[in-house]
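For the first sequence, the working numbering gives the first residue as 250, with consecutive numbering after it. Built from N, CA and C at the ideal position, the CB exists for glycine as well.
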Amino acid sequence: MRWSQAFIPTLRDDPADAEAVSHRLLVRAGYIRQLMAGGYSILPLGQRVRAKIMGIIREEIDGIGGQELLLTALHPREIWEKTGRAETMGDILFSVTDSRGGSAILGPTHEEIFTTIATELTSYKQVPQLWYQIQTKFRNEPRAKGGLLRVREFTMKDSYSFDVDTDGLDVQFDRHFAAYQRIFERLGVIAVPVEASSGAMGGTDSIEFMVPSPAGEDDVAHCKACGYAANVERATSTLPAIPDEPGPSVPERFPTPGVKTILDLIEFDGGAPAERQIKTLVYVLDGELTLVLLRGDHDLQEQKLLDGTGTVEARPARPDEIRELLGADAGSLGAVGVIGPRILADDQLADRTNMVTGANLDDHHLRGVDIQRDIEVTGWLDLRAVKVGEACPSCGEALEIFRGIEAGHIFKLGTKFSVALGAMVLDADGAAVPLVMGSYGIGIERNMAAAVEMNHDDDGIVWPVSIAPYEVVITVVKVDDEATMIVADRLYDDLNDAGIDVLLDDRDERPGVKFNDAELIGIPYRITVGPRGLADDIVELSERRSGERTDLPVGEAVEMIKAQVESRK
RNA sequence: CGGGACGUAGCGCAGCUUGGUAGCGCGCAUCGUUCGGGACGAUGAGGUCGCCGGUUCAAAUCCGGCCGUCCCGACCA
Numbered sequence: 250m251r252w253s254q255a256f257i258p259t260l261r262d263d264p265a266d267a268e269a270v271s272h273r274l275l276v277r278a279g280y281i282r283q284l285m286a287g288g289y290s291i292l293p294l295g296q297r298v299r300a301k302i303m304g305i306i307r308e309e310i311d312g313i314g315g316q317e318l319l320l321t322a323l324h325p326r327e328i329w330e331k332t333g334r335a336e337t338m339g340d341i342l343f344s345v346t347d348s349r350g351g352s353a354i355l356g357p358t359h360e361e362i363f364t365t366i367a368t369e370l371t372s373y374k375q376v377p378q379l380w381y382q383i384q385t386k387f388r389n390e391p392r393a394k395g396g397l398l399r400v401r402e403f404t405m406k407d408s409y410s411f412d413v414d415t416d417g418l419d420v421q422f423d424r425h426f427a428a429y430q431r432i433f434e435r436l437g438v439i440a441v442p443v444e445a446s447s448g449a450m451g452g453t454d455s456i457e458f459m460v461p462s463p464a465g466e467d468d469v470a471h472c473k474a475c476g477y478a479a480n481v482e483r484a485t486s487t488l489p490a491i492p493d494e495p496g497p498s499v500p501e502r503f504p505t506p507g508v509k510t511i512l513d514l515i516e517f518d519g520g521a522p523a524e525r526q527i528k529t530l531v532y533v534l535d536g537e538l539t540l541v542l543l544r545g546d547h548d549l550q551e552q553k554l555l556d557g558t559g560t561v562e563a564r565p566a567r568p569d570e571i572r573e574l575l576g577a578d579a580g581s582l583g584a585v586g587v588i589g590p591r592i593l594a595d596d597q598l599a600d601r602t603n604m605v606t607g608a609n610l611d612d613h614h615l616r617g618v619d620i621q622r623d624i625e626v627t628g629w630l631d632l633r634a635v636k637v638g639e640a641c642p643s644c645g646e647a648l649e650i651f652r653g654i655e656a657g658h659i660f661k662l663g664t665k666f667s668v669a670l671g672a673m674v675l676d677a678d679g680a681a682v683p684l685v686m687g688s689y690g691i692g693i694e695r696n697m698a699a700a701v702e703m704n705h706d707d708d709g710i711v712w713p714v715s716i717a718p719y720e721v722v723i724t725v726v727k728v729d730d731e732a733t734m735i736v737a738d739r740l741y742d743d744l745n746d747a748g749i750d751v752l753l754d755d756r757d758e759r760p761g762v763k764f765n766d767a768e769l770i771g772i773p774y775r776i777t778v779g780p781r782g783l784a785d786d787i788v789e790l791s792e793r794r795s796g797e798r799t800d801l802p803v804g805e806a807v808e809m810i811k812a813q814v815e816s817r818k
């Protein structure tokens, strides 16, 4: 491509409304343009990168036996009602109405539709099957953000595996795990596999691939020593036991005027340190008022509460609901003597004695509370949020927490969808069994953004060779110098013939403008062709990432550049 | 959906407090001089001031409503 003919609208200034690095650079370098919140047009450079990312993913999924299909983005609502997700994913579904008044939804993911196709499988002899597509998804995100990082319409590679048993699923899952690691490596992003919550997807196990970046939206607890990594929605840690002194035989109520918080009670004369307090929260889980108990110095990890109880919708109770349930306002709440509502307690409270908690009477607390003796706990769960520096659950070293972009997510789904939609096969004994499924997703444009988050410097993007829109840019220093232009044109033709993606910057601009643009759009290699070098029969090769420059004899340039590019592909 | 900010030329911004002429930089077009790291001069094109309504002789500016976008929180590739 000749730059003079190309549509590469680079901007001199940073766009005002872009915060994330990838958003700012992709807009400024002319890869994308925003149309609306969470809606981006992909410009020519962006489309080239996107195509390369899809190519890599396709190769790797084909490599583990995937068969590519293409399903519709438009789905009949009834199928989503059969699996119950019309309700559980209701908020993010885009709905459309056709001229006959029928209702359809724009697919946010395709488990339902792939499973519908899988109903044509009839025998265990036909599995395993591994099907995938690269297709547009629509999600009415409550808050689109960060340019391509979180949008409402995007492309996803989603694959689905079908087996007769969980052993088969495990094999497919492991193959995807390995394929995903190869994909991310080839895309030039570091993606840490982490244990994750399956959320609305359901199923048993799931692993997210997290690209560390301040632009990310998830926190990951990670142990450098042993490699343990888990989304904080699931992460655990080992805490030292707290020795309890024996307390009174019954809890004692005492006045605590003005004490509203854990902190207040620490400072209150006759109060208690946070780790000796029981924090009482009130939640509404799918409509049911529930008490949630944690140690005073621990925070609730809401997703754990959802996962642990199988709750779809949770919200903190309103002050009036709390008062009606417990007879006091937040600040004086406790679970002692409460009978009726579900009471869930964090594991860290197990066997604790002589604790302090609210008395369900405003401005009063109880001391000497023995959890087993005094509180009717209906369920024990891991509910607390892990904090930096706590001990790794597998090796005991201090955990760190980093922010990450969820670049891919693989799920063991089990039989939820096959049961709901009747995707059964006969096993070797002639018994009808539901297919055991897995689903495996990776967002194309999000990975483009993640690659930029991970590969940039003050001058712009620094693409890995594997996904760069062009591998080489030839910067012609003086386009109206005939001899220079002849050499540049020949180099351009020869590189094209050698199978290199090359961009010829033949614009009549000053060299500084061209150098800056080349760096901004992030082409891995630049060949500078100008009269000064040609006087000595050389052109200059510079590498974007290192800034390293080498003089190349004109006659050997093509071979040397080709070798260089191939070595980095 | 809750909280905060913003909306003026393709991009980045000023003007609004105290109503009256819409301005700056970049980019764009033409000409000239330049030309190995975002040149200089001259001339020029380009704007429903987000939308609707109100106040007023007069609204980018004051008032009301709406829409849109970004950022922070509850959701996910």
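Item, Value
"His-547 (DSSP reduced to helix, strand or coil)", "coil"
"Cutoff 7 angstroms; reference Asp-611; Cβ partners in own chain excluding five residues on either side", "Ala-577, Asp-578, Ser-581"
"Residues sharing a beta bridge with Ser-344, DSSP", "Ile-354"
"Range of the contiguous alpha helix (DSSP H) that encloses Val-819", "As displayed, the chain neither begins before 250 nor continues past 818, which places residue 819 out of reach and without an answer."
"Cα-Cα separation between Phe-343 and Met-686, rounded to whole angstroms", "25 angstroms"
"Exposure of Ser-348, with buried meaning 16 or more beta-carbon neighbours within 10 Å", "exposed"
"C-alpha gap between Arg-601 and Asp-619, whole angstroms", "6 angstroms"
"Phe-256, buried or exposed, once every other Cβ within 10 Å from all chains shown has been counted against 16", "exposed"
"Beta-carbon proximity of Ile-776 to Thr-724, cut-off 8 angstroms", "yes"
"Through-space distance from Lys-386 to Leu-318, alpha-carbon basis", "15 angstroms"
"Touching by the beta-carbon criterion (3+ pairs, under 8 angstroms), the segment 378-395 and the segment 312-331", "yes"
"Where Asn-603 sits in the DSSP three-state scheme", "coil"
"Residue(s) in a DSSP beta bridge with Arg-798", "Ser-791"
"Counted within 10 angstroms of its Cβ, other Cβ atoms place Asp-746 as buried (16 or more) or exposed", "exposed"
"Cβ contact check for the segment 433-442 and the segment 630-639: 3 or more pairs under 8 angstroms", "no"
"Inter-residue spacing [alpha-carbon to alpha-carbon] between Thr-664 and Met-673", "10 angstroms"
"Delimiting residues of the alpha helix (DSSP H) encompassing Pro-565", "Element bounds for Pro-565: not the alpha helix (DSSP H) but the beta strand (DSSP E), 563-565."
"Buried versus exposed, by CB contacts within 10 Å (16 or more), Leu-554", "buried"
"Own chain partners of Gly-671 with C-beta closer than 8 angstroms, once the 5 adjacent residues on each side are dropped", "Thr-368"
"Residue from Leu-292, Gly-333, Leu-397, Asp-730 whose Cα sits closest to the Cα of Pro-780", "Asp-730"
"Backbone secondary structure at Tyr-289 - three-state DSSP", "strand"
"Pairwise C-alpha distance: Ser-352 and Arg-793", "51 angstroms"
"Beta-carbon proximity check, Ala-479 vs Ala-470, cutoff 8 angstroms", "yes"
"DSSP bridge partner residues for His-613 (one or two, in chain order)", "Pro-504"
"Extent of the continuous beta strand (DSSP E) run through Glu-457", "455-461"
"Cβ shell of Gly-507 (< 8 angstroms), same chain only, five flanking positions each side left out", "Asp-513, Asp-612"
"DSSP beta-bridge partners of Leu-593", "Val-541, Gly-628"
"Counted within 10 angstroms of its Cβ, other Cβ atoms place Asp-266 as buried (16 or more) or exposed", "exposed"
"Secondary structure of Pro-325, DSSP reduced to three states", "strand"
"Spatially closest choice to Asp-407 from Leu-398, Arg-399, Lys-394, Tyr-429, by CA coordinates", "Tyr-429"
"Residues sharing a beta bridge with Ala-444, DSSP", "The sequence as given places Glu at residue 444; Ala does not occur at that position. In the DSSP output, where bridge partners are listed per residue, Glu-444 has Ile-456, Ala-479."
"Cβ-Cβ distance between Leu-530 and Thr-558 below 8 angstroms", "no"
"Closer than 7 angstroms: Glu-694 CB and nearest the ligand ATP heavy atom", "With respect to the ligand ATP, the structure offers nothing, as it holds no ligand at all."
"DSSP three-state assignment for Glu-402, whether helix, strand or coil", "strand"
"Cβ contact check for the segment 285-292 and the segment 396-412: 3 or more pairs under 8 angstroms", "yes"
"Length of the line joining the Cα atoms of Met-303 and Asp-414", "30 angstroms"
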